[in-house]
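Undergrad: Before I ask anything, here is the structure I am working with.
Protein chains: 2
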Amino acid sequence: MNIGLLGFGVVGRGVYEITGARADMQVTKVLCLEDISLPDAQAVKNFDEILNDDTIDTVVEAMGGLHPAYEFVRAALEAGKNVVTSNKALVCTFYDELLPLAERKGLKFRSTAAVGGGIGWLSELERARRVQKLTQVGGIMNGTCNYILDNMTRLGLNYDDVLKQAQKLGYAEANPSTDVDGIDTWHKVILSANIAFGISLDKQTVPVAGIRNIQAKDVENFKAHGLVCKLISTAKCLGDTYSAYVQPTLVKEGEPEAAVPMNYNLITFLGDTSERMSFFGQGAGRYPTAYNVVQDLVDVLAGKGFYAPYGTKAAADNSEKLTWYVRGNWTEEAAETWDGAVVTKPVSVTQMHAWLKENPDAFIAAIC
Amino acid sequence: MNIGLLGFGVVGRGVYEITGARADMQVTKVLCLEDISLPDAQAVKNFDEILNDDTIDTVVEAMGGLHPAYEFVRAALEAGKNVVTSNKALVCTFYDELLPLAERKGLKFRSTAAVGGGIGWLSELERARRVQKLTQVGGIMNGTCNYILDNMTRLGLNYDDVLKQAQKLGYAEANPSTDVDGIDTWHKVILSANIAFGISLDKQTVPVAGIRNIQAKDVENFKAHGLVCKLISTAKCLGDTYSAYVQPTLVKEGEPEAAVPMNYNLITFLGDTSERMSFFGQGAGRYPTAYNVVQDLVDVLAGKGFYAPYGTKAAADNSEKLTWYVRGNWTEEAAETWDGAVVTKPVSVTQMHAWLKENPDAFIAAIC
């Protein structure tokens, strides 16, 4: 297998290193805008040098971002090259274009590292689908949010202080919005649901609430009630309909989710025979992410394509009613008052996310 | 695929049900000593009726126990039939005979349900081996012990009372020795190490200590120090040597292992690129176990054999020094005293297990 590697950042370098030790695949060209010199591959600055190289059968996209990653991946597929990517935003955003294109061309398209980094999550969904119907997927899918929430919980720190520390240690970006506003988790749960249930979720019907507004006093409230806050994604198959959402969620101390430390992920599926299965590991990082990119390359060599056939479009129905912790201008009747905040009576996911849009300074968390 | 199913107990019935809904495989004969009548399969009381049936290409062993399971499985392989089993005692005990036999005959032999029940653990070790070197495997592999320890910890109950409750609820056998003395975990970690490291561990060099002697006052001691006791297996690849042992282990509250509730398992591998990966799920039960038996059957259909080639024999070297909680007649110098027990200075795993053999009424736990 001759590989054209797009990008030579954290993940790209890891892929280059791991494949360098293998006999069954080699990176022959690397697209990198900086001047680099590599012992075993040619560095190029123009994607066409990879696209028009007929000896390259597989493209690994490790650039991140939507553009030009999308244009490059689409062109690679159109030119008959297999594609492996770790880019969840790309696969989620252009699912309805890239999946049918890969299927039509009979090409292999895989993205295991896009969800859970080093966790073999999408590949395990693929395996599970062979034998059972999956009924639920989701969990803690973003290491940055977990790092922030874990440190706020363990050390009683403020959101801003932990975020700054996380940025200093490389656990959060300078602009942390994609992580703390839940967008990264939103991409991951939509992609997971598409594969688990064999559908294409209408992204606009999947609401997302992030952790940006959480305060130390919220965490104190949770502690006083034996609860721990995590950013949790949920997607369920409810017979012929589906629900899907991302939101801060209060889990009981002692539950597996509550014990997830630092920047780790804990992702779970429920199946009708396996019951609950959860996966704990490094959701990011050079080697864990590159590990799953190379796993995908091994699977491409073995003839494996995408994890599930491209499925029909489906809108999420989030009429499910939950009770919520709300700190903000909640004017409806409350079930309880917790020091400056309320616990609501049952309110649907749809209704609560609509209320949050009108009250963007509030903090909400579903109570498990 | 035509399947001869040996045994029609908890797991066997599950396999019969799940395969009954599939078009690619069917159970055509079931070996069962009781009188049963099945709509889609012939019940037989003599194994020869399966062995000599040339239309049966695959045997599923779901009887449990060593004999006659071993004789039947060996005969099936010798007769050219693929074998899938959930029997950890069988695969571990007769590893050096069954593995080479299956390899020599070019047959598929799989046992994913033997470790972790519904967790795709052995299959994930198989996947991990394709890309990285595994350096450690182990964890909480026995649901009965976890159920007992979890209830002692959460409710402050006595060992005997929790064991009786577990027996009543079906979480423990009438004779619980295989579980509480750690034998089941011992089989599982040896099998895991054999696959992860590509070796055949000398079982006699792998010491095991169980939980039979734990008392409510031990659990009180652990709580007072922020620790939780779990039965944990460990196998490490240390360059050219290996260590492997099973023992009660004290983990810090807040660690993922400490949060494993009820009869769940949490099994972990460390790899040189994936880093830590853990798997949480139902380690037993009809449908979770049958789920992985059927996964194996799908893999047999896809041409997959055992998870790793049969490897060279290796003895465990357990000279690693740990500190230990000991309640018993410990006469060596201690580092600390904890209400009726001691915390030792560093003592090797080999030495502590040897001491335990001389002091069979003592309770020991390694401190993580």
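Going line by line, the protein sequences match chains A and B.
For the first sequence, the tail end lands on 1137 under this note's numbering, and the numbers increase by one without skipping.
For the second sequence, the tail end lands on 1137 under this note's numbering, and the numbers increase by one without skipping.
No residue lacks a Cβ here, since even glycine has one placed at the ideal position from N, Cα and C.
1. Based on Cα-Cα distance, which residue from Val842/A, Ile983/A, Val828/A, Pro1078/A lies nearest to Pro1129/A?
2. Return the first residue and the last residue of the alpha helix (DSSP H) that Glu756/A is part of.
3. Return helix, strand or coil for Thr1140/A, following the three-state DSSP convention.
4. Confirm, please, whether the CB-CB distance from Gly889/B to Asn1034/B is below 8 Å.
5. With a cut-off of 8 Å, does the C-beta of Tyr940/B fall near any C-beta of chain A?
6. Could you name the residues of chain B that Tyr1014/A contacts, counting a contact when the two beta carbons are closer than 9 Å?
7. From Ile825/A to Ala792/B, what distance separates their C-alpha atoms?
8. Can you give me the Cβ contacts of Asn1098/B inside the same chain, cut-off strictly under 8 Å, excluding the 5 residues immediately before and after it?
9. Examine chain B for any beta-carbon lying closer than 8 Å to the beta-carbon of Thr947/A, and answer yes or no.
10. Would you tell me roughly how many angstroms separate the C-alpha atoms of Trp955/B and Ala941/B, rounded to the nearest one?
11. Relative to the C-alpha of Val1015/B, which residue among Gly951/B, Glu1101/B, Tyr916/B, Asp822/B is closest?
12. Grab the span of the alpha helix (DSSP H) containing Ser892/B for me, first residue to last.
13. Can you list, in chain order, the stretches of the beta strand (DSSP E) that have 3 or more residues and sit fully within the region 864-931 of chain B?
14. Can you look up Gln1120/A in the DSSP assignment and give me helix, strand or coil?
15. Verify the CB distance criterion: does Ala1028/A have a CB-CB separation below 8 Å to chain B?
16. For Glu989/A, go through chain B and note every residue whose CB falls closer than 7 Å to its CB, in chain order.
17. With H, G and I counted as helix, E and B as strand and the rest as coil, what does DSSP make of Tyr1060/B?
18. Quick one, which residues of the region 1062-1077 of chain B are near chain A if we go by CB-CB under 8 Å, in chain order?
19. I want to see whether chain B comes within less than 8 Å of Tyr916/A, judged by CB atoms only; does it?
20. Name the one or two DSSP bridge partners that Glu830/B has.
21. Should Met1031/B be labelled buried (16 or more other beta-carbon atoms within 10 Å of its own) or exposed?
22. Identify whether Leu1125/A lies in helix, strand or coil by the three-state DSSP scheme.
23. Taking only the alpha-carbon atoms, compute the straight-line gap between Ser1047/B and Arg879/B and give it to the nearest angstrom.
24. Report the residues of the region 811-833 of chain A with a CB closer than 8 Å to any CB of chain B, ordered along the chain.
25. With distances taken between CB atoms, is the gap from Val852/B to Leu774/B smaller than 8 Å?
26. So the candidates are Ala858/A, Phe863/A, Gln905/A; which of them puts its Cα closest to the Cα of Tyr1079/A?
27. Just checking: is the beta-carbon of Arg899/A within a distance shorter than 8 Å of some beta-carbon in chain B?
28. Is the beta carbon of Asp865/B sitting closer than 8 Å to the one on Ser1012/B?
29. Could you pull the DSSP bridge partners for Val799/B from this structure?
30. One question on the structure: do Lys957/B and Ser1002/B come within less than 8 Å of each other, judged by their Cβ atoms?
31. Within the continuous alpha helix (DSSP H) that includes Ile819/A, where are the two ends?
32. To the nearest angstrom, how far is the alpha carbon of Thr1018/A from that of Ala1135/A?
33. According to DSSP, is Glu1105/A helix, strand or coil?
34. Counting only beta-carbon separations shorter than 8 Å, does Gly1023/B have a partner in chain A?
35. Measuring only the C-alpha atoms, how far is Leu926/A from Leu918/A?
36. Please list the terminal residues of the continuous beta strand (DSSP E) segment that includes Ile825/A.
TA: Checking against the coordinates, here is how it stands:
1. Here residue 1129/A corresponds to residue number 360 of the first sequence, with the count starting at 1. Per the Cα distances, Ile983/A.
2. For residue 756/A there is no data in the structure shown, the boundaries of chain A being 770 and 1137.
3. Only positions 770 to 1137 of chain A appear in this structure, which leaves residue 1140/A out of reach.
4. On the second sequence, position 265 is the one that residue 1034/B refers to. On the second sequence, position 120 is the one that residue 889/B refers to. With respect to Gly889/B, Asn1034/B sits apart: the two C-beta atoms are not nearer than 8 Å.
5. Residue mapping note: residue 940/B aligns to position 171 of the second sequence, counting from 1. No, because no Cβ of chain A sits closer than 8 Å to the Cβ of Tyr940/B.
6. Reading the first sequence from its first residue, position 245 is the one you call residue 1014/A. Ordered by position in chain B, no residue passes the 9 Å Cβ test against Tyr1014/A, which lies about 23 Å from the chain.
7. If you number the first sequence from 1, residue 825/A lands on position 56. If you number the second sequence from 1, residue 792/B lands on position 23. The straight-line gap from Cα to Cα measures roughly 39 Å.
8. Translated into the one-based positions of the second sequence, residue 1098/B becomes position 329. Closer than 8 Å at the Cβ level, and outside the excluded window around Asn1098/B, lie Asn1128, Ala1131.
9. The residue given as residue 947/A occupies position 178 in the first sequence. No, Thr947/A lies away from the interface with chain B (no Cβ there is under 8 Å from its Cβ).
10. The residue given as residue 955/B occupies position 186 in the second sequence. The residue given as residue 941/B occupies position 172 in the second sequence. Straight-line Cα distance between these residues: approximately 17 Å.
11. As a position in the second sequence, residue 1015/B is number 246, starting the count at 1. When the alpha-carbon of Val1015/B is set against those of Gly951/B, Glu1101/B, Tyr916/B, Asp822/B, the nearest one is in Gly951/B.
12. On the second sequence, position 123 is the one that residue 892/B refers to. Ser892/B: member of the alpha helix (DSSP H) spanning 890-898, first to last residue.
13. Segments of the beta strand (DSSP E) lying fully in the region 864-931 of chain B: 903-909.
14. Translated into the one-based positions of the first sequence, residue 1120/A becomes position 351. The three-state secondary structure of Gln1120/A, taken from DSSP, is helix.
15. Within the first sequence, the letter at position 259 stands for residue 1028/A. Chain B, which has a Cβ nearer than 8 Å to the Cβ of Ala1028/A, makes this yes.
16. Sequence index remark: in the first sequence, residue 989/A carries index 220 (1-based). The premise fails here: Glu989/A is roughly 18 Å from chain B at the closest Cβ pair, so nothing lies under 7 Å.
17. Along the second sequence, read from residue 1 onward, the residue named residue 1060/B stands at position 291. Secondary structure at Tyr1060/B: helix, using DSSP grouped into helix, strand and coil.
18. Val1063, Gln1064, Val1067
19. Stepping through the first sequence from its first residue, residue 916/A is reached at position 147. The Cβ of Tyr916/A sits no closer than 8 Å to any Cβ of chain B.
20. As a working mapping, residue 830/B is identified with position 61 in the second sequence. For Glu830/B, which the question treats as bridged, DSSP gives the partners Leu775/B, Thr854/B.
21. Position 262 of the second sequence, counted from the first residue, corresponds to residue 1031/B. Label assigned to Met1031/B: exposed.
22. Along the first sequence, one-based indexing puts residue 1125/A at 356. The answer is helix: DSSP assigns Leu1125/A an H, G or I state.
23. In the second sequence, residue 1047/B corresponds to position 278, counting from 1. In the second sequence, residue 879/B corresponds to position 110, counting from 1. Using only the alpha carbons, I get a separation of about 21 Å.
24. none
25. Here residue 852/B refers to the residue found at position 83 when the second sequence is read from its first residue. Here residue 774/B refers to the residue found at position 5 when the second sequence is read from its first residue. It is not a contact, given that the beta carbons lie outside the stated cut-off.
26. Position 310 of the first sequence, counted from the first residue, corresponds to residue 1079/A. Cα-wise, what sits closest to Tyr1079/A is Phe863/A.
27. Translated into positions along the first sequence, residue 899/A becomes position 130. For Arg899/A, the nearest beta carbon of chain B is closer than 8 Å to its own beta carbon.
28. Taking the first residue of the second sequence as 1, we reach residue 865/B at position 96. Taking the first residue of the second sequence as 1, we reach residue 1012/B at position 243. No, Cβ-Cβ distance for Asp865/B and Ser1012/B is not below 8 Å.
29. As a working note, residue 799/B is residue 30 in the second sequence. Looking at the DSSP assignment, Val799/B forms a beta bridge with Leu774/B, Ala812/B.
30. Within the second sequence, numbered from 1, the residue matching residue 957/B stands at position 188. Within the second sequence, numbered from 1, the residue matching residue 1002/B stands at position 233. Cβ distance < 8 Å, so Lys957/B and Ser1002/B count as in contact.
31. Here residue 819/A refers to the residue found at position 50 when the first sequence is read from its first residue. Its alpha helix (DSSP H) spans residues 817-820.
32. Mapped onto the first sequence, residue 1018/A falls at position 249. Mapped onto the first sequence, residue 1135/A falls at position 366. C-alpha separation (whole angstroms): 5 Å.
33. Counting from 1 along the first sequence, the entry for residue 1105/A is found at position 336. In the structure shown, Glu1105/A sits in a strand (DSSP, three-state: E or B).
34. Within the second sequence, residue 1023/B is the residue found at index 254, counting from 1. Yes, Gly1023/B lies at the interface with chain A (some Cβ there is under 8 Å from its Cβ).
35. Within the first sequence, the letter at position 157 stands for residue 926/A. Within the first sequence, the letter at position 149 stands for residue 918/A. Computed Cα separation, rounded: 9 Å.
36. Within the first sequence, the letter at position 56 stands for residue 825/A. Premise fails: Ile825/A is in no beta strand (DSSP E) and is neither H nor E.
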